[in-house]
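Asks:
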Amino acid sequence: MIKRFSVLYVGQIDLENVGAGGTAPDDRRYTNDQLTQTYSNAQALANQMDTSGFYCLWMAEHHFQRVGYECIPNLTLMGTHLAAQTKNLKFGAAFNIVPMWHPLRLAEDFSMGDFLTGGRLIFGIGRGYQAREVETFGSPLIDQDANRSLFEEQVEIILKAFNEESFSHHGKHYDIPPDVPYRGYQMKDITLVPRPTNLPVDIWQPMTSGRSIEFIAKKGIKGMTALCGEEVVSQFFNTYRDAALEAGRSLTLGQDMSLGFGFYIADTEKEAMEKVRPYHDERYKWFSPFG
Numbered sequence: 017m018i019k020r021f022s023v024l025y026v027g028q029i030d031l032e033n034v035g036a037g038g039t040a041p042d043d044r045r046y047t048n049d050q051l052t053q054t055y056s057n058a059q060a061l062a063n064q065m066d067t068s069g070f071y072c073l074w075m076a077e078h079h080f081q082r083v084g085y086e087c088i089p090n091l092t093l094m095g096t097h098l099a100a101q102t103k104n105l106k107f108g109a110a111f112n113i114v115p116m117w118h119p120l121r122l123a124e125d126f127s128m129g130d131f132l133t134g135g136r137l138i139f140g141i142g143r144g145y146q147a148r149e150v151e152t153f154g155s156p157l158i159d160q161d162a163n164r165s166l167f168e169e170q171v172e173i174i175l176k177a178f179n180e181e182s183f184s185h186h187g188k189h190y191d192i193p194p195d196v197p198y199r200g201y202q203m204k205d206i207t208l209v210p211r212p213t214n215l216p217v218d219i220w221q222p223m224t225s226g227r228s229i230e231f232i233a234k235k236g237i238k239g240m241t242a243l244c245g246e247e248v249v250s251q252f253f254n255t256y257r258d259a260a261l262e263a264g265r266s267l268t269l270g271q272d273m274s275l276g277f278g279f280y281i282a283d284t285e286k287e288a289m290e291k292v293r294p295y296h297d298e299r300y301k302w303f304s305p306f307g
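First residue of the sequence shown? That's 17 in the numbering used here, and the numbers climb one at a time after it.
1. Could you name the residues of the same chain whose beta carbon sits closer than 8 Å to that of P156, not counting the 5 residues immediately before and after it, in chain order?
2. Within the continuous alpha helix (DSSP H) that includes T96, where are the two ends?
3. Give a yes or no on whether the C-beta atoms belonging to D218 and F183 are separated by under 8 Å.
4. Could you check the C-alpha separation between M128 and W117 for me, to the nearest Å?
5. Might you give, ordered along the chain, the residues of its own chain that have their beta carbon closer than 6 Å to the beta carbon of R257, omitting 5 neighbours on each side?
6. Taking the C-alpha atoms as reference points, what is the distance between K307 and G35?
7. Could you check the C-alpha separation between T241 and Y201 for me, to the nearest Å?
8. Going by C-alpha distance, which of F70, Y85, S68 is nearest A76?
9. Taking 7 Å as the limit between beta carbons, can you name the residues of its chain near A263, skipping five residues before and five after?
10. Taking only the alpha-carbon atoms, compute the straight-line gap between G38 and Y300 and give it to the nearest angstrom.
11. Below 8 Å CB to CB, which residues in the same chain sit around A62 once its five sequence neighbours on both sides are set aside?
12. Which two residues bound the contiguous beta strand (DSSP E) that contains M289?
13. What does M75 pair with, by DSSP beta-bridge criteria?
14. In the DSSP assignment, find the unbroken beta strand (DSSP E) run with Q221 in it and report its ends.
15. At 3 residues or longer, what runs of the beta strand (DSSP E) sit wholly inside the region 243 to 282?
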């Protein structure tokens, strides 16, 4: 039985002229005051969810969104602020786009947020899918193999930083610590300060392919999927369970998984479809070009 109910808010402002025949996404422009409306929207949503008994408000990291669809660039900062304004609600990262971060800065920021909120942040990681963001920050996305190589090494570093009192890492993209003198000696290892107070860290990642599912299952990362058809969901859930078993974790079907749906509630199905159609169409106007 599903016992925890959450909401995903990707950080949109209150858009006007939405729908299939509305303003084209790339023609939208908003002032800074309009774009920061996102944060008061997030506050109002968090307050309502907290008093209504929801489990978690998930938010998405995106950058340079002058078009107003996704306007939250730092999920740890946003979640830490909202946790201070609410009592019980958790705040999830869906997702921190790891190639746009140095993995140790991301791990440090989350660890501080974990302490300051008393464990009310949920850590989520992704590879990214918008070239304007990832490539602007100097990391590969168009080259998917390079993106995956960087991401998987970054995840290795984050896991070491979270779970080991001191660690080192020497890979294709990172040498941690670097081979440089420090106070008269050569460094051999470092420690993340602070490390998370609540261990092991609950980590979530979107499931997009068989390879990604096998990776997250092997690493003990939990899987999230949304807005997929029944056959795809079944395939993802079974593949994750089987891959986890191969990695030595025996799970029931659906354990360590999250499934997201889009829905609208009205008095009748017809009324619901009529009211939600402009927003449904606007969503696909924005996301369809990403594939």
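Where a beta carbon is used, it is the ideal one built from N, C-alpha and C, also for glycine.
Replies: Reading from the atomic positions:
1. Taking the sequence shown and counting its residues from 1, one reaches residue 156 at position 140. These residues qualify, in order along the chain: P115, V150, A162, N163, L166.
2. On the sequence shown, position 80 is the one that residue 96 refers to. Element bounds for T96: 91 to 101.
3. Translated into positions along the sequence shown, residue 218 becomes position 202. Translated into positions along the sequence shown, residue 183 becomes position 167. No. Outside cutoff.
4. By 1-based counting over the sequence shown, the position of residue 128 is 112. By 1-based counting over the sequence shown, the position of residue 117 is 101. Rounded to whole angstroms, M128 and W117 show a C-alpha spacing of 16 Å.
5. Stepping through the sequence shown from its first residue, residue 257 is reached at position 241. A distance below 6 Å between beta-carbons, with the five flanking residues on each side excluded, links R257 to the following residues of its chain, in chain order: L267, L269.
6. As a first step, residue 307 is located in the sequence shown; it is residue number 291 there, counting from the start. As a first step, residue 35 is located in the sequence shown; it is residue number 19 there, counting from the start. Note on residue identity: the sequence assigns Gly, not Lys, to residue 307. Note on geometry: alpha-carbon atoms of G307 and G35 lie some 19 Å from one another.
7. Walking along the sequence shown from the start, residue 241 turns up at place 225. Walking along the sequence shown from the start, residue 201 turns up at place 185. Using only the alpha carbons, I get a separation of about 48 Å.
8. The count along the sequence shown starts at 1 and reaches residue 76 at position 60. Answer by Cα proximity: Y85.
9. Taking the first residue of the sequence shown as position 1, residue 263 is located at position 247. Taken in chain order, the residues that qualify are A233, K234.
10. The residue labelled residue 38 in the question sits at position 22 within the sequence shown. The residue labelled residue 300 in the question sits at position 284 within the sequence shown. Distance between the alpha carbons of G38 and Y300: 12 Å.
11. To locate residue 62, count along the sequence shown from 1; it is residue 46. Cβ neighbours of A62 beyond the five flanking positions: L73, L98, Q101, T102, L105, F107.
12. Position 273 of the sequence shown holds residue 289. No beta strand (DSSP E) contains M289, which is instead part of the alpha helix (DSSP H) from 285 to 303.
13. Locating residue 75 in the sequence shown gives position 59, counting from the first residue. In DSSP, M75 forms a bridge with Y25, A109.
14. The count along the sequence shown starts at 1 and reaches residue 221 at position 205. Per DSSP, Q221 is one residue of the beta strand (DSSP E) stretching across 219 to 222.
15. If one requires a minimum length of 3 residues, the beta strand (DSSP E) runs lying completely within the region 243 to 282 are 273 to 276, in chain order.
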